[in-house]
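S.K.: Under the numbering used here, think of the first position of the sequence shown as 59, with each following residue one higher.
For every residue, glycine included, the Cβ atom is placed at its ideal position computed from N, Cα and C.
Mind having a look at this structure? Questions to follow.
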Amino acid sequence: MEVKKLYYENCHQRTFTARVTGCREGKGGWEVTLDQTAFYPEGGGQPSDTGTLGEARVLSVQEAGEEILHLCDAPLTPGEEVVGTIDWERRFDLMQQHSGEHLVSGVIHRRYGYHNVGFHMGEDRITIDFDGPIPPEALPDIQQEVNAAIWKNLPVKCWYPSPEELPKVTYRSKKALPWPVRIVEVPGVDSCACCGTHVAFTGEIGLVVLLSCVKFHQGVRMELLCGGRAVSYLCRIYEQNKQVSQAFSAKLLETGEAARRMNRQLEAERFRSAGLQQQVFAAIAREYQGESSVLYFAEDLEPGQVRQLCEVMGKTCPQAAVASGEEGAGYSLCLTAQPEVTTALGKGLKEKLGARGGGKPGWYQGNVPAGKEEISAFFRQEGWKVAP
59 MEVKKLYYEN CHQRTFTARV TGCREGKGGW EVTLDQTAFY PEGGGQPSDT
109 GTLGEARVLS VQEAGEEILH LCDAPLTPGE EVVGTIDWER RFDLMQQHSG
159 EHLVSGVIHR RYGYHNVGFH MGEDRITIDF DGPIPPEALP DIQQEVNAAI
209 WKNLPVKCWY PSPEELPKVT YRSKKALPWP VRIVEVPGVD SCACCGTHVA
259 FTGEIGLVVL LSCVKFHQGV RMELLCGGRA VSYLCRIYEQ NKQVSQAFSA
309 KLLETGEAAR RMNRQLEAER FRSAGLQQQV FAAIAREYQG ESSVLYFAED
359 LEPGQVRQLC EVMGKTCPQA AVASGEEGAG YSLCLTAQPE VTTALGKGLK
409 EKLGARGGGK PGWYQGNVPA GKEEISAFFR QEGWKVAP
């Protein structure tokens, strides 16, 4: 018996009554079939609806041949009449995403002639694959055109052309389709073969935000958000930008320039600090000039700075090592000596202290997951002086 698909008659229908025609235990729950349903089954890139059938929760909905299987967390009795309730918040969100995707695909098809060759509606964002390049600088104009269509509150028409009408209808499709074909049309914007649920007017979409557009195969992959997801995203960005504004003492629309100004100041400060740092490193090296083998523990140095200090000390000490880190987190260590010495010490550090690292002949740099006392004891056993 063919199931009546209420979700095609009215995408805004939230509740319905149906008779249970079958119930069997399946993987992850009970597979329930009905004589009619408003639950949309997963398909065409769109996730399924969820909700309730009587007291049972509908976890997912799948199409299997002519059957529509409602995976429930409890069994239902064949022959009984049940009330189905759609999770409307989820359904409306998916309608916003799907209809918004149509507008974006329609605008791009009209502008560039490209086709939507891949579509995925995730839990947090949509991805669309197009079969041609789109320059990143075009995204603001595309986004503006899509949102202009939304604000016009255009009707979204879902219809089935007759066998005689179908050959005369121009519509987007990934492949040739046999009749009957369901067309989703937004006048002047898009016409596409589609089996999903959609809003009745574009104004219900509310907003579309294009997040990114990157090269993918021979075309591009675009990420976007529609409706409530887009609004939530912009609200989060606003809150983040407000914090940046307060940190920089800048107006909300001037945080970009404030950040660039801060970067320029930091870069200048880095140059000044680098000069002072080299003076400090040189002073440390002079302090241990003439020592044959020295391990020096420095505070708060990055791995690159550890190597720089080791290089400076290596000019005054035949064998020099520098370590910086903290207890419990391990130490970054660099040493320079004769190649056979660095090889032997590197091997010993790995075997005894679990160090990981390496380097060119005469050098070793890595991380030692041990405390200062353990590292010091290792080098003292090798005849090295430990400082400070």
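1. Assess, as a yes-or-no matter, whether the segment 163-179 is touched by the segment 248-255 under the definition of 3 or more beta carbon pairs within less than 8 Å.
2. Mind checking whether E349 and K443 have CB atoms under 9 Å apart?
3. Which value, in whole angstroms, describes the spacing of the CA atoms of E147 and G412?
4. Give me the Cβ distance between Y346 and V338, rounded to the nearest whole Å; I'm assuming they're in contact under 8 Å.
5. According to the neighbour-count rule (16 or more other Cβ atoms, all chains shown, within 10 Å of its Cβ), is I295 buried or exposed?
6. DSSP three-state label for D248, please.
7. Can you give the Cα-Cα distance for A326 and T255, rounded to whole angstroms?
8. Using the Cα positions of Q301 and K309, report the straight-line distance between them to the nearest angstrom.
9. Check N68 in the structure and name its three-state DSSP category.
10. Thinking C-alpha only, which one of D145, M153, G103 and W88 is nearest P136?
11. Between the Cα of K210 and those of L265, P236 and R240, spot the shortest distance and give me the residue it belongs to.
12. In the structure shown, what three-state DSSP assignment does W209 receive?
13. Less than 8 Å between the CB of Y98 and some heavy atom of the ligand SAH, yes or no?
14. Beta-carbon within less than 6 Å of I192's beta-carbon, same chain only, minus the 5 sequence neighbours each way: which residues are those?
15. Given V364, which residues of its chain have a CB within under 6 Å of its CB, disregarding the five upstream and five downstream residues?
16. So is D182 buried or exposed if we call it buried at 16+ other beta carbons inside 10 Å?
17. I need the straight-line Cα distance from N321 to A288, nearest angstrom please.
18. Excluding sequence positions up to five away, which residues of its chain have a Cβ less than 6 Å from the Cβ of V227?
19. Using a threshold of 9 Å, state whether the C-beta atoms of T73 and G142 are closer than that.
20. Whole angstroms is fine: what's the gap from E281's alpha carbon to R168's?
21. Using C-beta distances below 8 Å, list every residue in its chain close to D131, excluding the 5 sequence neighbours before and after it, in chain order.
22. Here's a check: name, in chain order, each residue in its chain whose Cβ is nearer than 7 Å to the Cβ of G314, leaving out the five neighbours to either side.
23. Can you tell me the Cα-Cα spacing of G388 and T185, whole angstroms?
24. Do M153 and C69 have their CB atoms nearer than 9 Å?
25. Relative to the alpha-carbon of W237, which residue among F329, E222 and R414 has its alpha-carbon at the smallest distance?
26. Where do the ends of the beta strand (DSSP E) carrying I186 lie?
27. Assuming contact is defined by CB atoms lying nearer than 9 Å, are I144 and L92 in contact in what I supplied?
28. I need the DSSP call for A381, collapsed to helix, strand or coil.
29. So what does DSSP say about F97, is it helix, strand or coil?
30. Mark T394 as exposed unless 16 or more other C-beta atoms lie within 10 angstroms of its C-beta, in which case mark it buried.
M.R.: The answer reads as follows:
1. Touching, yes, given that three or more Cβ pairs across the two stretches are closer than 8 Å.
2. Sequence index remark: in the sequence shown, residue 349 carries index 291 (1-based). Sequence index remark: in the sequence shown, residue 443 carries index 385 (1-based). Closer than 9 Å, so yes.
3. Counted from its first residue, the sequence shown places residue 147 at position 89. Counted from its first residue, the sequence shown places residue 412 at position 354. Rounded to whole angstroms, the gap between the alpha carbons of E147 and G412 is 53 Å.
4. Counting from one through the sequence shown, the residue named residue 346 turns up at place 288. Counting from one through the sequence shown, the residue named residue 338 turns up at place 280. About 14 Å separates the CB atoms of Y346 and V338; that is not less than 8 Å, and the two are not in contact.
5. Taking the sequence shown and counting its residues from 1, one reaches residue 295 at position 237. It is exposed - the Cβ of I295 has fewer than 16 other Cβ atoms within 10 Å.
6. As a working note, residue 248 is residue 190 in the sequence shown. Of the three classes helix, strand and coil, the one that applies to D248 here is strand, per DSSP.
7. Position 268 of the sequence shown, counted from the first residue, corresponds to residue 326. Position 197 of the sequence shown, counted from the first residue, corresponds to residue 255. Approximately 56 Å between the Cα atoms of the pair.
8. Numbered from 1 along the sequence shown, position 243 holds the residue referred to as residue 301. Numbered from 1 along the sequence shown, position 251 holds the residue referred to as residue 309. Cα to Cα, Q301 sits roughly 11 Å from K309.
9. Mapped onto the sequence shown, residue 68 falls at position 10. If DSSP states are grouped into helix, strand and coil, N68 belongs with coil.
10. In the sequence shown, counting from the first residue as 1, residue 136 sits at position 78. Here the closest residue by C-alpha is W88.
11. Along the sequence shown, one-based indexing puts residue 210 at 152. Relative to the Cα of K210, the nearest Cα in the group L265, P236 and R240 belongs to L265.
12. Taking the first residue of the sequence shown as 1, we reach residue 209 at position 151. DSSP, reduced to helix, strand and coil, places W209 within a helical segment of the structure shown.
13. Of the ligands one can find in the structure shown there are none, so the ligand SAH has no counterpart to examine.
14. Numbered from 1 along the sequence shown, position 134 holds the residue referred to as residue 192. Only C271 and V278 meet the Cβ criterion.
15. Here residue 364 is taken as the residue at index 306 of the sequence shown, counted from 1. Excluding its 5 nearest sequence neighbours in each direction, V364 has C-beta neighbours in its own chain below 6 Å: V380, S382, S390 and C392, listed in chain order.
16. Sequence index remark: in the sequence shown, residue 182 carries index 124 (1-based). Residue environment analysis places D182 among the exposed positions, since fewer than 16 neighbouring C-beta atoms fall within 10 angstroms of its C-beta.
17. On the sequence shown, residue 321 is found 263 positions in, with the first residue counted as 1. On the sequence shown, residue 288 is found 230 positions in, with the first residue counted as 1. Going from the Cα of N321 to the Cα of A288 covers about 30 Å.
18. Looking up residue 227 in the sequence shown gives position 169. Within the same chain, V227 has close Cβ partners P219.
19. Within the sequence shown, the letter at position 15 stands for residue 73. Within the sequence shown, the letter at position 84 stands for residue 142. For the 9 Å CB-CB criterion, T73 and G142 form a contact.
20. Residue 281 sits at position 223 when you count from the first residue of the sequence shown. Residue 168 sits at position 110 when you count from the first residue of the sequence shown. So the two alpha carbons sit approximately 19 Å from each other.
21. Here residue 131 corresponds to residue number 73 of the sequence shown, with the count starting at 1. Contacts found: G87, W88, A114, R115 and L117.
22. For the purposes of this step, residue 314 is identified with residue 256 of the sequence shown, where counting begins at 1. For G314, there are no CB contacts under 7 Å within the same chain when 5 residues up- and downstream are skipped.
23. As a working mapping, residue 388 is identified with position 330 in the sequence shown. As a working mapping, residue 185 is identified with position 127 in the sequence shown. G388 and T185: Cα-Cα distance of roughly 42 Å.
24. Sequence index remark: in the sequence shown, residue 153 carries index 95 (1-based). Sequence index remark: in the sequence shown, residue 69 carries index 11 (1-based). Yes, they are a contact pair.
25. Stepping through the sequence shown from its first residue, residue 237 is reached at position 179. It is E222.
26. In the sequence shown, the residue the question calls residue 186 occupies position 128. That run of the beta strand (DSSP E) goes I184 to F188.
27. Working through the sequence shown from its first residue, we reach residue 144 at position 86. Working through the sequence shown from its first residue, we reach residue 92 at position 34. No; because the gap between Cβ atoms is not below 9 Å, this pair is not in contact.
28. By 1-based counting over the sequence shown, the position of residue 381 is 323. DSSP places A381 in strand when its eight states are reduced to three.
29. Here the question's residue 97 lines up with position 39 in the sequence shown. In this structure, DSSP gives F97 a state outside helix and strand, which the three-state scheme calls coil.
30. Taking the sequence shown and counting its residues from 1, the one referred to as residue 394 is at position 336. The residue in question, T394, is buried, as its Cβ has 16 or more Cβ neighbours within 10 Å.
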